[in-house]
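Colleague:
Protein chains: 2
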Amino acid sequence: MGVSVFAPASVANLAVGYDTLGLCLDGPGDEVYAEFCDTPGITIASIEGDGGKLPLIPAKNTAGRAAQAVLEAVGNVRTGVSLKIHKKMPFGSGMGSSSASAVAGAMAVNELLDRPFSKYELLKFTAMGEQVADGAWHLDNVAPSLLGGIVLVRDGLTLDVQSIPVPDGLRVCVVHPDIEILTKDSRAILSDSVLLGDVIKQQSNLGGLIIGLYNNDLELISRSFKDHIIEPQRSKLIPHFYELQSEAFDLGALGCSISGAGPSVFAFCPNADVAENCGVAISSIWAKHGITCQVHQSGINPVGAKVI
Amino acid sequence: MGVSVFAPASVANLAVGYDTLGLCLDGPGDEVYAEFCDTPGITIASIEGDGGKLPLIPAKNTAGRAAQAVLEAVGNVRTGVSLKIHKKMPFGSGMGSSSASAVAGAMAVNELLDRPFSKYELLKFTAMGEQVADGAWHLDNVAPSLLGGIVLVRDGLTLDVQSIPVPDGLRVCVVHPDIEILTKDSRAILSDSVLLGDVIKQQSNLGGLIIGLYNNDLELISRSFKDHIIEPQRSKLIPHFYELQSEAFDLGALGCSISGAGPSVFAFCPNADVAENCGVAISSIWAKHGITCQVHQSGINPVGAKVI
Chain A
1 MGVSVFAPAS VANLAVGYDT LGLCLDGPGD EVYAEFCDTP GITIASIEGD GGKLPLIPAK
61 NTAGRAAQAV LEAVGNVRTG VSLKIHKKMP FGSGMGSSSA SAVAGAMAVN ELLDRPFSKY
121 ELLKFTAMGE QVADGAWHLD NVAPSLLGGI VLVRDGLTLD VQSIPVPDGL RVCVVHPDIE
181 ILTKDSRAIL SDSVLLGDVI KQQSNLGGLI IGLYNNDLEL ISRSFKDHII EPQRSKLIPH
241 FYELQSEAFD LGALGCSISG AGPSVFAFCP NADVAENCGV AISSIWAKHG ITCQVHQSGI
301 NPVGAKVI
Chain B
1001 MGVSVFAPAS VANLAVGYDT LGLCLDGPGD EVYAEFCDTP GITIASIEGD GGKLPLIPAK
1061 NTAGRAAQAV LEAVGNVRTG VSLKIHKKMP FGSGMGSSSA SAVAGAMAVN ELLDRPFSKY
1121 ELLKFTAMGE QVADGAWHLD NVAPSLLGGI VLVRDGLTLD VQSIPVPDGL RVCVVHPDIE
1181 ILTKDSRAIL SDSVLLGDVI KQQSNLGGLI IGLYNNDLEL ISRSFKDHII EPQRSKLIPH
1241 FYELQSEAFD LGALGCSISG AGPSVFAFCP NADVAENCGV AISSIWAKHG ITCQVHQSGI
1301 NPVGAKVI
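One line per chain: the protein sequences are A and B, in this order.
Quick note: the first sequence, position 275, residue 275 per the numbering used here, numbers continuous.
Take any residue in the second sequence, note its place counting from 1, add 1000, and you have its number in the numbering used here.
#1: Report the residue from D1134(B), I1230(B), V1274(B), V1303(B) whose alpha carbon sits nearest the alpha carbon of V1194(B).
#2: Can the beta-carbon of S101(A) be found closer than 7 Å to that of D30(A)?
#3: Count the other CB atoms, across all protein chains shown, that sit within 10 Å of the CB of S89(A); report buried if there are 16 or more and exposed otherwise.
#4: Relative to the alpha-carbon of Q245(A), which residue among A267(A), N110(A), A261(A) has its alpha-carbon at the smallest distance?
#5: Enumerated in chain order, which unbroken segments of the alpha helix (DSSP H) with a length of 4 residues or greater are wholly contained in the stretch 133-218 of chain A?
#6: Determine which residues of the stretch 1094-1112 of chain B have a Cβ less than 9 Å from any Cβ of chain A, and write them out in chain order.
#7: So, V1103(B) versus S1145(B), is the Cβ gap smaller than 7 Å?
#8: Is there a Cβ from chain B that is less than 7 Å from the Cβ of V194(A)?
#9: What distance in whole Å lies between the Cβ atoms of V1151(B) and G1105(B), which are believed to be in contact at a cut-off of 8 Å?
#10: Cα separation between E1180(B) and P1302(B)?
#11: Checking 7 Å against the spacing of the C-beta atoms, do G1129(B) and A1009(B) come in under that value?
#12: Please confirm if S1298(B) has its CB atom under 7 Å from at least one CB of chain A.
#13: In chain order, what residues of the same chain lie with their CB nearer than 7 Å to the CB of S186(A), ignoring the 5 residues before and after it?
#14: Tell me which residue opens and which closes the beta strand (DSSP E) that P232(A) is part of.
#15: Quick check on S1204(B) - is its C-beta less than 7 Å from some C-beta in chain A?
#16: Taking 8 Å as the limit between beta carbons, can you name the residues of its chain near L1112(B), skipping five residues before and five after?
#17: Alpha carbon to alpha carbon, how far is V1016(B) from A1287(B)? Give it in angstroms, no decimals.
#18: From the beta carbon of R1065(B), is the nearest beta carbon of chain A less than 7 Å away?
#19: Below 6 Å CB to CB, which residues in the same chain sit around D134(A) once its five sequence neighbours on both sides are set aside?
#20: Measure the alpha-carbon distance for A305(A) versus W1137(B) and round it to whole angstroms.
#21: For G17(A), verify whether its CB is less than 6 Å away from any heavy atom of the ligand SAH.
#22: Mapping the DSSP letters down to three states, classify S97(A) as helix, strand or coil.
#23: Using DSSP with H/G/I as helix, E/B as strand and the rest coil, what is Y1033(B)?
#24: Quick one, which residues of the stretch 1142-1153 of chain B are near chain A if we go by CB-CB under 9 Å, in chain order?
#25: Which of helix, strand or coil does DSSP assign to K306(A)?
#26: What span of residues does the beta strand (DSSP E) with G255(A) cover, start to end?
#27: For K84(A), list the residues DSSP reports as bridge partners.
#28: Between which two residues does the beta strand (DSSP E) holding V1003(B) run?
#29: Is there a Cβ of chain A sitting closer than 7 Å to that of V1199(B), yes or no?
#30: Could you round the C-beta distance between H296(A) and P28(A) to whole angstroms and report it? I think they count as a contact, below 8 Å.
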């Protein structure tokens, strides 16, 4: 018998923590089923839900590579594990799709092998999987997807990640428009340099957001949730961004910004009603301009990836 | 009978929070004595300890201007208050000397008038006083000197300042070398732009520092206490900076960087022994190179300015 693991989507950056902050959603997410097989190493038996776009070669697939990394670390070269990957969320959405697959792949193998590694120890392998997607070593999606909650990546190379407490009742609404933005384009649009004055503002807001989360101070969270660096550049790629952001604020969202590299946007909300209203409003604005989208309502998932 | 107020020195920036973070020292600091007099408005009767350098005209003196602002806000135009300012710390040291005077001036008048304002409400007036010194609106010295503790200035214009909890037992050693650096030169040396990669590292460290302070995690504080933006530029103005920083780390300091705009340096220490050793080591290195200095050991003052 095999093991199935679900790893959830995540929202990276959170407006003021570019490449640093991320939060874990309840869903959507990806599932990976792992079972022993006779062929040594990792085999990807099937991928569903990707429209045939993802590679079956394990070393080129984020779930496959993460799974390989776990198996290699255990060191039993004759063990064979077969994976069935079920993509249940869109890729290129800015919701950490490649990360969810990497996390599910690593954790499914770890569970199948009777947990040689703790969840935190899996972080390294999930990052190795994620690296397949764009060549970079980023933890701001894999860390929240794996560990849950809101996570600060203090230093990716040394796997120094820190959980930040989350006030009760917060809800997130993520809206994914049916337009495509490649992560590399979304990165390429960013200037290499930032004005010192904007750095000061961003730092003050990052500090304010963290203090607000610790102190359960929703007003402070709201005042702090303003991106002076990334959003002014990336919003150009997202149609009608400022119109829908303004609407979300009017409806009571504590913050509204771009999820990861986009094109999804998210509203950070004090409760389910506000999140619901933001979802309706944002999708209506896009619909009015002929853009279809999917709305995802979620709490901040405190658990992260889990066996199902 | 009049009122005497002592306002302590402060350390701004704390390596990773340029123009944002500051902490309050036990001492040194400035004293202002306020008493009623017949001449309406603020009169500066005397200034001691400044070597005759500070102006006696209230509007041009940080203590005088802050005191004026309090009096104006109360609105009784016939009230006259005379101030005696006792500078008990060097100016141009990077320890918030002009701020200490502004804080002491504002609070002394407020006490004399039977506290029309809360301590927090005085913040605005202290910033107006501080503004006399260099024309800018900065709270990262006045806020900690007034309120105590470690303070994050989320937004200076709206007086949005946040206190961060401080682990017990931390000690700070500030060493002031007898060299002069003008704040305007120390600001002019800074580039207007920052590499995005350095912004990410600084943000991660600022987040790590705040989380470390909340969680009482001295290891995390230490890992986070590294300035990727300001120190690499300003250290040029401070002789032998990297030699003494390296020595402080070897002795167990959690962090060591430039205090405010310099030339003072500070070591952020887990206990009094380490702070003591850092003071001896740093002053010895400077002495070896012919630079005399004063060493100040301090806890992190939780109270800030106070009546004496």
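We treat Cβ as the ideally placed atom computed from N, Cα and C, and that holds for glycine.
Because the structure is a prediction, the values reported are computed rather than measured.
Modeller: Let me lay it out:
#1: Looking up residue 1194(B) in the second sequence gives position 194. Among D1134(B), I1230(B), V1274(B), V1303(B), the Cα nearest to that of V1194(B) is on I1230(B).
#2: Translated into positions along the first sequence, residue 101(A) becomes position 101. Translated into positions along the first sequence, residue 30(A) becomes position 30. Yes, they are a contact pair.
#3: Numbered from 1 along the first sequence, position 89 holds the residue referred to as residue 89(A). Note on residue identity: the sequence assigns Met, not Ser, to residue 89(A). By the neighbour-count rule (16 or more Cβ atoms within 10 Å), M89(A) is buried.
#4: For the purposes of this step, residue 245(A) is identified with residue 245 of the first sequence, where counting begins at 1. It is A267(A).
#5: 142-147, 183-188, 196-215
#6: none
#7: Translated into the one-based positions of the second sequence, residue 1103(B) becomes position 103. Translated into the one-based positions of the second sequence, residue 1145(B) becomes position 145. Taking 7 Å as the Cβ cut-off, V1103(B) and S1145(B) qualify as a contacting pair.
#8: Sequence index remark: in the first sequence, residue 194(A) carries index 194 (1-based). Yes, V194(A) lies at the interface with chain B (some Cβ there is under 7 Å from its Cβ).
#9: Translated into the one-based positions of the second sequence, residue 1105(B) becomes position 105. Translated into the one-based positions of the second sequence, residue 1151(B) becomes position 151. The pair is not a contact, with the Cβ atoms about 19 Å apart (cut-off 8 Å).
#10: For this step, residue 1180(B) is matched to residue 180 along the second sequence. For this step, residue 1302(B) is matched to residue 302 along the second sequence. Going by the C-alpha atoms only, they are around 30 Å apart.
#11: For the purposes of this step, residue 1129(B) is taken as the residue at position 129 of the second sequence. For the purposes of this step, residue 1009(B) is taken as the residue at position 9 of the second sequence. No.
#12: Translated into positions along the second sequence, residue 1298(B) becomes position 298. For S1298(B), the answer is no, since every Cβ of chain A falls outside 7 Å of its Cβ.
#13: The residue given as residue 186(A) occupies position 186 in the first sequence. The answer, listed in chain order, is R234, L237, A261, G262.
#14: Stepping through the first sequence from its first residue, residue 232(A) is reached at position 232. Where P232(A) is concerned, there is no enclosing beta strand (DSSP E), although the alpha helix (DSSP H) it sits in stretches over 231-234.
#15: Reading the second sequence from its first residue, position 204 is the one you call residue 1204(B). Judged by the 7 Å Cβ criterion, S1204(B) is in contact with chain A.
#16: To locate residue 1112(B), count along the second sequence from 1; it is residue 112. If we look at L1112(B) and ignore the five residues flanking it on each side, its Cβ neighbours are G1002, V1003, A1034, E1035, F1036, V1081.
#17: If you number the second sequence from 1, residue 1287(B) lands on position 287. If you number the second sequence from 1, residue 1016(B) lands on position 16. Answer to the nearest angstrom: the Cα atoms are 28 Å apart.
#18: In the second sequence, the residue the question calls residue 1065(B) occupies position 65. So, not an interface residue.
#19: Looking up residue 134(A) in the first sequence gives position 134. Closer than 6 Å at the Cβ level, and outside the excluded window around D134(A), lie T183.
#20: Counting from 1 along the first sequence, the entry for residue 305(A) is found at position 305. Counting from 1 along the second sequence, the entry for residue 1137(B) is found at position 137. Their backbone Cα atoms lie some 47 Å apart in a straight line.
#21: This structure does not include the ligand SAH; it has no bound ligands of any sort.
#22: Looking up residue 97(A) in the first sequence gives position 97. Here S97(A) sits in helix by DSSP.
#23: Mapped onto the second sequence, residue 1033(B) falls at position 33. In this structure, Y1033(B) counts as strand in the three-state DSSP scheme.
#24: L1152, V1153
#25: Along the first sequence, read from residue 1 onward, the residue named residue 306(A) stands at position 306. The answer is strand: DSSP assigns K306(A) an E or B state.
#26: In the first sequence, the residue the question calls residue 255(A) occupies position 255. Element bounds for G255(A): 255-258.
#27: The residue you call residue 84(A) lines up with position 84 of the first sequence. Its beta-bridge partners are Y33(A), S46(A).
#28: Walking along the second sequence from the start, residue 1003(B) turns up at place 3. That run of the beta strand (DSSP E) goes 1003-1012.
#29: For the purposes of this step, residue 1199(B) is identified with residue 199 of the second sequence, where counting begins at 1. Yes, because at least one Cβ of chain A sits closer than 7 Å to the Cβ of V1199(B).
#30: As a working mapping, residue 296(A) is identified with position 296 in the first sequence. As a working mapping, residue 28(A) is identified with position 28 in the first sequence. Indeed, because the Cβ distance is near 6 Å, the residues count as touching under 8 Å.
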